[in-house]
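Contents: one structure, followed by commentary.
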Amino acid sequence: MALSRSGRCLILSSWLCLGSHSIWAVEAMSGNFALTDQDGQRFQLDQLKGKVVLLFFGYTFCPDICPTELTNLSRVLDTLDGESVQGVFVTVDPDRDTPEVLKDYTDYFNRRLIGLTGSPAQIDRVTQKYRVKFRKLPVPGGSYSMNHPSNLYLIDRTGKLSTIVPYGLPPEHVVDVVRHLLAENL
Amino acid sequence: MLARFFRYSLTSVLIFSGGASQSGAQSLPVAPGYGELNYTLPEAGSYQLPPLGTAADGEVLDTSGHTQRLHQQFGSQYVLLAFIYSTCSDVNGCPLTAHVFYKIKSEMKRDKILARRLKLISLSFDPLVDTPEMLQLYGNNFRYAGNAGEWQFLTTSSEKTLDPILRAYNQQVQRELKDDGSNSAGYSHVLRIFLIDPDKRIRNIYSADFLHHDLLLADVRTLLKQEDQTDTWNRSGSQPLQVSRLSNPGDDKRGYEQTSYRTRSLALELRQGKEADLIRFGTEPPLGLPAIPTPLDNPLSREKIALGRKLFYDRRLSLNDTFSCAMCHIPDQGFTSNELATAVGIEGRSVRRNTPTIYNSAYATLLFHDGREDSLEQQAWGPLLASNEMGNPSIGYVLNKIRQIQEYQGLFEAAFDGKDASMMTLGMALASYQRTLVSGSSAFDRWYYGNDPNALSPGAQRGFRVFAGKGGCVACHTIEKRYALFTDNRLHNTGMGYRSSMGIHPEKEKIIIAPGVFIEVDRAVIDQVGEKPPADVGRYEVTQSPHDRWKYKTPSLRNIVLTAPYMHDGSLGSLKEVIDFYDAGGVPNDLLDPRIRPLNLSEQEKVDLVLFMGSLTGSNVDTLVADAFAAPVGDIGKGDPTWVSGTDVEVK
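Residue numbers (my numbering), protein chains in the order written: chain A, 1 to 186; chain B, 187 to 838.
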């Protein structure tokens, strides 16, 4: 894994917790959500039923880890080319990641990737669903970075969250698990 | 091995905490665990991993939500235990663990033995988010991977069940507060992974800067290779945890040469006493030991043993009411002092020799290193009157004091047919207690005398053959047909005393200044500031015969792993050093015993010898130590003859 440049956005292990734990404990993880895709179209996760979805969170200004993760994901998607698989990238930085920005980004990394954004409130709801904690960290010069975990969420063909792949596991592993998921629930 | 840890000590432990915004600054380097090792690891099995303490138990939840004991989850496997939380975003934190565990799991797929013997466990310290369902989603990564190489995810039901586990593993986890002070914005913690053996002992602890799958695998393979040796071997040779739980130096420094060392000082209140029926050990000696020789005029009796036991732990037997026999012959340190090469007496006065153990002194026909006494009855007066031991000015002083102490009223009379405390009865009582401290029925005894072929590990059996054969040790540390004292009760010149008399020392000495950090110090520097070794010519001092120069008594080797440091001057810290000393042929001098000669032992033979000596620990050690814990510690109190009334302030 090309990690020579480390993830500036991930150095810190602390972040703002966006939902209270008690809410998390009650609400089931995963499930459908609606956001806006890179073409400005309304997008619902349920649209992808029948495919295995590789969902992950990040932001396009992320200097290091997100690109690494995206490159890896690209490799996974390329390997699985022609199969019922869809990569989905949800931004945690909706202020900067407009549909246009996302379009450039997904075009650059992998055209088969769907990039999603929405209002801050919409994004909050989705990240809460997936227990993704992130927080804004100001950087000198008035800008900021986002601190967030880089887990990959695998959603099976029925739309159910099946597996969380922790960051650090290689693309071959992801391919392996996705292939097994494809073989299930036909 | 040492080189390995030395390297790590140079890089500081990464602490993954939030705090100051680092996002603009240059980022932390990615931990080495993600890449290739940039140094060569020592070969598996070529080094030791001494136990670092016990891996604690606790109540956990598995991914099905069932309550389990952590130890139950360990099973009888080797375990790599990591503390994680799933929402961790620090690349060099939990994801690093995932990466390294994944690599190890891949290796377990290839290596069947590893798959069977090793288990990976990730235990979450975030019970609120990491519910069993959540961890199941992580576990699903390996749903299809087959059975080879188990990686288990565990959590706890609440912070209440979690906290004792974190404390026991010294995992400090700070729940970070949000800016408004409300709870739990995240966690900061120091990444630690524990390698635990099937006996639930921690064998290594890894932090982020040396967490690498190659290293972890080498360590696991080292433990697997050394399985029949690990029970008894450890670097300082002072502690077989298997046989005696209670014998331990107060400040246990095992593993101090490693940076991962953590203090394990024992709290006094942990000492749980339990009285034993001591006379039984005196009348029915354990397997491998002969009947106890008792003088005709001092047969054992319960009263005498109890009185002697009381005296042995009584600090009032010293001039200033501070020093008991047990403060040099410390029960939980093998009835010797593990932490001192040579003894320290009243008011910190130096004694020139090492404290010998009292275990099995019942059989000694020569007492003291130079054999100057021959009966326990007489011997006691030595330390009582030595100005640097218990410091009493005269026999009369001691006896007068005891006669005036209320608690002793009637005890001597009851034990000795109406006889009062006297030079004779006091010696007899102390001798009676010490005679019951016999310790045998060790693994070796059960194998050799009890004919139990499984009692002795293969390594120790090999060691026995070296001991009795190539090493020639039995010539002096004798083994008889029906019993073994491991001493010929004679005196020999091994060159040990000659060496210190002649000031023969290595040019440079390696000195540990902090866990895992050594410096080499020139002899000249040490000589400038160091205390000169005391003059000691051994047996010669007793006989004045020139042939007896540097002769010392052969000590018994029973319970030898409990009684470090070794030799009359305590100059050898571990059994390994003792073996190296013998292997080199002792220290040549004109009077060297001819049986001491270069042995050309292989490394394996040396390890085996140590294993053999580790099998000589008696099965009743903990019984004797617990009995000692239960003994009253005689302390000065009101009414005692030397009580200073000024400490009692009367209030009208």
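Virtual Cβ for every residue (Gly too), placed ideally from N, Cα, C.
Check                                                                                                                                                                                                : Outcome
Please report whether the beta-carbon of Gly-40/A lies at a distance below 8 angstroms from any beta-carbon of chain B.                                                                              : no
For the alpha helix (DSSP H) containing Ile-581/B, list its first residue and its last residue.                                                                                                      : 581-590
Let me check one thing: in DSSP terms, what residues is Val-246/B bridge-paired to?                                                                                                                  : Gln-254/B
Note down, in chain order, every chain B residue with its Cβ under 8 angstroms from the Cβ of Val-165/A.                                                                                             : Asn-327
So, under 8 angstroms CB-CB, Asp-46/A and Gly-159/A are touching, yes? Tell me the CB distance rounded to an integer number of Å.                                                                    : 6 angstroms
Applying a beta-carbon distance threshold of less than 7 angstroms, which residues of chain B neighbour Ser-162/A?                                                                                   : Asn-326
Please list the partners that Arg-131/A has in chain B, where partner means a Cβ-to-Cβ separation under 8 angstroms.                                                                                 : Ser-272, Thr-273, Val-315, Met-320
Short of 6 angstroms in beta carbon distance, which residues of its chain neighbour Arg-589/B, apart from the five on each side in sequence? Order them along the chain.                             : Ala-607
Considering only their Cβ atoms, is the gap separating Tyr-752/B from Tyr-683/B smaller than 8 angstroms?                                                                                            : Rather than Tyr, the amino acid found at residue 683/B in this sequence is Gly. Contact flag unset, no.
Can you tell me which of the three DSSP states His-399/B falls into?                                                                                                                                 : helix
Could you please tell me which residues of the stretch 97-116 of chain A, in chain order, have their CB closer than 8 angstroms to any CB of chain B?                                                : none
Please identify the residue among Ser-504/B, Ala-617/B, Asp-438/B, Gly-604/B whose C-alpha is closest to the C-alpha of Leu-238/B.                                                                   : Asp-438/B
Looking at Arg-495/B: is its Cβ nearer than 8 angstroms to the Cβ of Ala-548/B?                                                                                                                      : no
Is it the case that the stretch 280-291 of chain B contacts the stretch 261-272 of chain B, given that we only count it when at least three CB pairs across the two stretches are under 8 angstroms? : yes
In chain order, which continuous runs of the alpha helix (DSSP H) of length 4 or greater are located wholly inside the stretch 663-694 of chain B?                                                   : 682-687
Given a threshold of 16 other Cβ atoms within 10 Å of its Cβ, counted over all protein chains shown, does Asn-524/B qualify as buried or as exposed?                                                 : buried
Cα-Cα, which of Trp-736/B, Asp-826/B, Glu-229/B, Gln-254/B is closest to Gln-595/B?                                                                                                                  : Asp-826/B
Spatial neighbours of Asp-638/B within its chain, please: CB distance less than 6 angstroms, with the 5 preceding and 5 following residues excluded, ordered by chain position.                      : Arg-632
Straight-line CA distance for Val-178/A to Glu-319/B?                                                                                                                                                : 20 angstroms
Buried or exposed for Val-796/B, going by 16 or more other Cβ atoms inside 10 Å?                                                                                                                     : buried
Within this structure, are the beta carbons of Tyr-264/B and Ile-382/B separated by less than 8 angstroms?                                                                                           : yes
Alpha carbon to alpha carbon, how far is Met-610/B from Ile-581/B?                                                                                                                                   : 11 angstroms
With 8 angstroms as the threshold, decide whether the Cβ of Gly-251/B is near any Cβ in chain A.                                                                                                     : no
Give me the Cα-Cα distance between Thr-480/B and Leu-677/B, rounded to the nearest whole angstrom.                                                                                                   : 23 angstroms
Ignore the nearest five residues each way along the sequence and tell me which others in Asp-349/B's own chain have a CB closer than 7 angstroms to its CB.                                          : none
Excluding five sequence neighbours on each side, which residues of the same chain lie with their C-beta closer than 6 angstroms to the C-beta of Phe-33/A?                                           : Leu-45, Val-126
How far does the beta strand (DSSP E) with Ile-270/B in it reach, from first residue to last?                                                                                                        : 264-270
I need the straight-line Cα distance from Ser-150/A to Met-513/B, nearest angstrom please.                                                                                                           : 58 angstroms
Give me the DSSP bridge partner(s) of Asn-786/B.                                                                                                                                                     : None, per the DSSP bridge assignment.
Short of 8 angstroms in beta carbon distance, which residues of its chain neighbour Ala-206/B, apart from the five on each side in sequence? Order them along the chain.                             : With a pLDDT of only 29 at Ala-206/B, under 50, the local geometry of the prediction cannot be trusted, and no value is derived from it.
Quick one: give me the first and last residue of the alpha helix (DSSP H) that Glu-844/B is part of.                                                                                                 : Missing from the structure shown is residue 844/B; chain B here goes from 187 to 838 and no further.
From Phe-339/B to Gln-322/B, what does the alpha carbon distance come to, in whole angstroms?                                                                                                        : 8 angstroms
Figure out for me which residue from Ala-629/B, Ala-566/B, Lys-656/B, Arg-387/B has the closest Cα to the Cα of Asn-806/B.                                                                           : Ala-629/B
In whole angstroms, what is the alpha-carbon distance linking Asp-156/A and Leu-410/B?                                                                                                               : 41 angstroms
Rounded to whole angstroms, what is the Cα-Cα separation between Glu-69/A and Phe-328/B?                                                                                                             : 21 angstroms
Please return the same chain residues whose Cβ sits closer than 6 angstroms to the Cβ of Pro-171/A, not counting the five positions on each side in sequence.                                        : Asn-72, Arg-75, Val-76
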